[in-house]
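Numbering (mature numbering (1 follows the signal peptide of the UniProt record, and there is no 0)), first residue to last: -22 to -1, 1 to 254.
Ideal placement from N, C-alpha and C gives every residue a C-beta, glycine not left out.
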């Protein structure tokens, strides 16, 4: 095997090993963002009931940085989420992706979505919101984060949490939710859904959804749009007509490059519009 080919194979294999078993094999479209000029890696964050595992990426030099909390999918903090953090760091953010499932189980060791779902079902929203508060506070204390420039973004499971955290923490300046569930029956551990907080939302949230998403009905997206009209948040929702669920996930067959790039461009413009 030629040296360059061997090196590319080793790098790709190492990258793929950072994914949960349930998301193998990894699509060739998976993006690999280098860490040159960054501080990037695993960190521990003090939380209410112990210690929180997380991945952090930030510029290696500079003063204070805007903060973005990257909220993972149902598959947890894996190589794609870490890569997204590095993409943000290259834009000048301190990006932190806390592992919000770890108390209930390590989903990286599970080989199917059917094994993962019972773990995630045990994760209380209140715990998640508290852990995100801890991550935001730690970013300020230990990672040169600017408390006045706090943002969030999240995908799938994390997209739902983005909406809820925007209602929970009024200090968030702007958020972007990627194809997060909007409606559902309230349960003891998950008492509210985004539709329930939409009319009182004050933080501007940009929702990015796929018109061919078989898990999130378009009528629920329209319900959310309607509820948002009565809020003061000036939130918006964009639907990509031909995009499926997880269209930003470049490591999966669901990836749609044009829509993903447009969403990433919109995210940056949204944050800039709101001063972060």
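Per DSSP, the bridge partner or partners of residue i
| i | result |
| --- | --- |
| residue 34 | 19 and 74 |
| residue 131 | 48 and 154 |
| residue 43 | 123 |
| residue 255 | Past the boundaries of the shown model lies residue 255; the chain is included only from -22 to 254, so the question cannot be answered. |
| residue 54 | 51 |
Extent of the continuous alpha helix (DSSP H) run through residue i
| i | result |
| --- | --- |
| residue 241 | 235 to 251 |
| residue 105 | 103 to 120 |
| residue 57 | 57 to 68 |
Backbone CA spacing between residue i and residue j [nearest angstrom]
| i | j | result |
| --- | --- | --- |
| residue 287 | residue 224 | Residue 287 is absent from the structure shown; the chain starts at -22 and stops at 254. |
| residue 219 | residue 237 | 10 angstroms |
| residue 27 | residue 94 | 23 angstroms |
| residue 34 | residue 240 | 25 angstroms |
| residue 134 | residue 193 | 10 angstroms |
| residue -13 | residue -6 | Its pLDDT being 41, under 50, residue -13 is placed unreliably by the model, and the measurement read from it follows with that caveat. Their backbone Cα atoms lie some 11 angstroms apart in a straight line. |
| residue 30 | residue 42 | 23 angstroms |
| residue 109 | residue 72 | 17 angstroms |
| residue -4 | residue 18 | 17 angstroms |
| residue 235 | residue 160 | 24 angstroms |
| residue -18 | residue 10 | With a pLDDT of 39 at residue -18, under the threshold of 50, the modelled position of this residue cannot be trusted; read the value that follows with caution. Roughly 16 angstroms between the two C-alpha positions. |
| residue 116 | residue 22 | 10 angstroms |
Neighbour-count burial assignment, residue i, 16 or more Cβ in a 10 Å radius
| i | result |
| --- | --- |
| residue 167 | exposed |
| residue -15 | Low local confidence applies: a pLDDT of 44 at residue -15 is under 50, so the model's placement there is unreliable, and no value is given. |
| residue 36 | buried |
| residue 60 | buried |
| residue 90 | exposed |
* List in chain order: all unbroken beta strand (DSSP E) runs of 3+ residues lying wholly within the stretch 162 to 233. => 183 to 188 and 214 to 218
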